[in-house]
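Residue numbers (the numbering used here), protein chains in the order written: chain A, 55 to 342; chain B, 55 to 342.
A virtual CB, placed ideally from N, CA and C, is assigned to each residue, including glycine.
Quantities reported herein were computed from a predicted structural model and do not represent experimental measurements.
Number of protein chains: 2
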Amino acid sequence: MFEKLALIGCGLMGGSFALAARQAKLLGSVSGYSRSPASAQKAMELGIVDAVAATAADCVRGADLVLLAVPVASTQATLSSLLPQLDPQALVMDVGSTKADVVRAAEQALGERIAQFMPAHPICGKEVAGIEHADAKLYAGQQVILTPLPVHSAAQVERARALWAALGCQVKTLEPQLHDEALAAVSHFPHLLAFAFMDSLMQQADGERYLALAGPGFRDSTRIAAGDPDLWADALLANATQVIAQSQRLQQSLHALEELLHRGDRAALRQAIEQVSQRRSAWRMGQG
Amino acid sequence: MFEKLALIGCGLMGGSFALAARQAKLLGSVSGYSRSPASAQKAMELGIVDAVAATAADCVRGADLVLLAVPVASTQATLSSLLPQLDPQALVMDVGSTKADVVRAAEQALGERIAQFMPAHPICGKEVAGIEHADAKLYAGQQVILTPLPVHSAAQVERARALWAALGCQVKTLEPQLHDEALAAVSHFPHLLAFAFMDSLMQQADGERYLALAGPGFRDSTRIAAGDPDLWADALLANATQVIAQSQRLQQSLHALEELLHRGDRAALRQAIEQVSQRRSAWRMGQG
């Protein structure tokens, strides 16, 4: 139970967190701040926040829980701006999809108070941005990765874990660098790939005719290509080295399959498909 | 209304067709033939067929509707085997995901009786094979592409169109070559890409750990990687030239995005993502 949540950033992720935490009866009150006054106003109208603060520092005054739900590139500036009013006992978390850069930014901004900050990444989202799409169920049943630092005590990790668990999340911990490697493989690069695939269709003279014939397989495999441009430009750039490494690996696998098509080697192609198909059939979210 | 459906091939696609056509009260009786006696037996047990035939030729005797739901590579041999018993007035259709090769095979097998055969491709499926997964709703609301030939009369096209429309399908017509080009772009190559992506994860030392962290974006974008190995090996080989051409185009788009990551050009990356994201958001199945 927290007395006051300071929601820094009134968008899909932050708004959904506030709704879910309210529904779980974890919060006394919620104060919201957004760089866009219209978003903060909308959060008020939707009953997601109880009050709108004029600055991030005003927002965190008296808060024992701070959720930073801003673009990862804004982490350092935002934390620096709210630090003067930040209660030394408050728990601060983010929701960014990269962690090594967020940890560096938080260390720069918070200095010796870095232990107040627990880096967090809920692995979920929607293909629509904005607080008007906030959803109390967005986090339910999803995985949240915490990337605690050596300065964090077990009690600090447990406090953050319990909060996400109370929202119905499956909480794991990982080192920031390992988090970024893994997420490059299963989230960031798949987005780059989906963007590239849509682009390759749009570049073709007959692309629009092709799109009119696409079915359920296309629908599902390209859903993530509708992702938010700002969020994904930031995530891909923040994790660029790993994303490019994954792209090289994908191209190696693609070339190997192309070679089987060139050779018309049905037996080898069938076997290759069978291996990946069996693995994908056995995969379960949250278990692997 | 048809007196008798001969279902040649008792699998997911054929079984679902028979169930849907029965539900739409389009069929008198259904006779089934399968190369695998167990599948035909299962079709009987599930009430999908009324009788099991020992051969494809026995199956089509007296049938006014024949659905060929066998691997595309078996088209010519199967049509040749049933031709002696095929009623000259019967409508024969397939459900294969490539059409130029199916048309060639049908022309070889049927000769001057080719006009009896209307090539058809319902753009749907499931990631599970076998008649035990047959589903009366599989085709409802989905697109079906007919690729009529110059020998077909308007009345023949209409007869096939009306049948699929009665199952709730949206029916389009296209030349076989244009069908294969379009389907390479929006179905066959996306499958190759999903197979390659799963393979690239499985090849990595930490791949299993990465898979355990994958979320809803990964789940949806790789759903098609669980596809049936036989079906997709055939489809990819039958349309290999077009599939490889699409793969080259994807790699060009991927390289262009990689270059933006290398350069750290956020503005250009954001703009590229915005263009594809807007197009994908606007896309509607069956409309483009």
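Closest in alpha carbon position to His-309(B), among Ser-301(A), Ser-207(A), Gln-306(A), is Ser-301(A).
Contacts with chain B at 8 Å (Cβ-Cβ) include Val-297(A). Against Trp-286(B), the close residues of chain A are Leu-323, Arg-324, Ile-327, Ser-331, in the order they occur along the chain (beta-carbon pairs closer than 9 Å). Note on geometry: alpha-carbon atoms of Gly-222(A) and Glu-57(B) lie some 55 Å from one another. Ala-108(A) counts as exposed, since fewer than 16 other C-beta atoms from the protein chains shown sit within 10 angstroms of its C-beta.
When Leu-140(B), Ala-105(B), Val-146(B), Asp-104(B) are compared, the shortest CA-CA separation from Val-124(B) is found for Val-146(B). In chain order, Glu-235, Ala-236, Leu-237, Ala-238, Ala-239, Val-240, Gly-342 make up the part of chain B whose C-beta sits under 9 Å from the C-beta of Tyr-264(A).
Counting along the chain, the unbroken beta strand (DSSP E) around Ile-199(B) starts and ends at 197 to 200. Going by C-alpha positions, Ile-62(A) is about 16 Å away from Ala-74(A). Assigned with DSSP and collapsed to three states, Pro-204(A) falls in coil, not helix or strand. In the DSSP assignment, Leu-311(A) is bridged to no other residue. Using a Cβ-Cβ cut-off of 8 Å, Gln-197(A) is close to Leu-267, Gly-269 of chain B, given in chain order.
One alpha carbon belongs to Ala-287(A), the other to Arg-324(B), and they sit about 5 Å apart. For Thr-201(B), same chain residues with a beta-carbon under 6 Å away, outside a window of 5 residues either side, are Lys-153, Pro-173, Leu-228, Pro-230, His-233 in chain order. Inter-residue distance for Ala-289(B) and Leu-122(B) is about 16 Å (C-alpha atoms, whole angstroms). Contact between the region 196 to 216 of chain A and the region 239 to 248 of chain A is absent, with fewer than three C-beta pairs closer than 8 Å.
Ala-294(A) is bridged by DSSP to nothing; it lacks a bridge partner. Taking C-beta separations shorter than 6 Å and ignoring five residues to either side along the sequence, the partners of Asp-155(A) in its chain run Ala-292, following chain order. In terms of Cα proximity to Asp-104(A), the closest of Ser-90(A), Thr-132(A), Pro-204(A), Leu-81(A) is Leu-81(A). Using a CB distance below 8 Å, the part of the region 272 to 285 of chain A facing chain B consists of Phe-272, Arg-273, Asp-274, Ser-275, Thr-276, Arg-277, Ile-278, Ala-279, Ala-280, Gly-281, Asp-282, Pro-283, Asp-284, ordered along the chain.
Its Cα nearest to that of Asp-141(A), the residue Ala-60(A) stands out among Gly-340(A), Met-55(A), Ala-60(A). Among the CB atoms of chain A, none fall inside 8 Å of the CB of Arg-213(B). Residue contact with chain B for Gln-162(A): absent (no Cβ-Cβ distance below 8 Å to any residue of chain B). Comparing C-alpha distances from Phe-249(A) to each of Gln-296(B), Leu-217(B), Ser-275(B), Val-126(B) shows the shortest one belongs to Ser-275(B). The continuous stretches of alpha helix (DSSP H) do not include Tyr-193(B), and DSSP gives it neither H nor E. Interface annotation, Ile-177(B): in contact with chain A, CB-CB separation under 8 Å.
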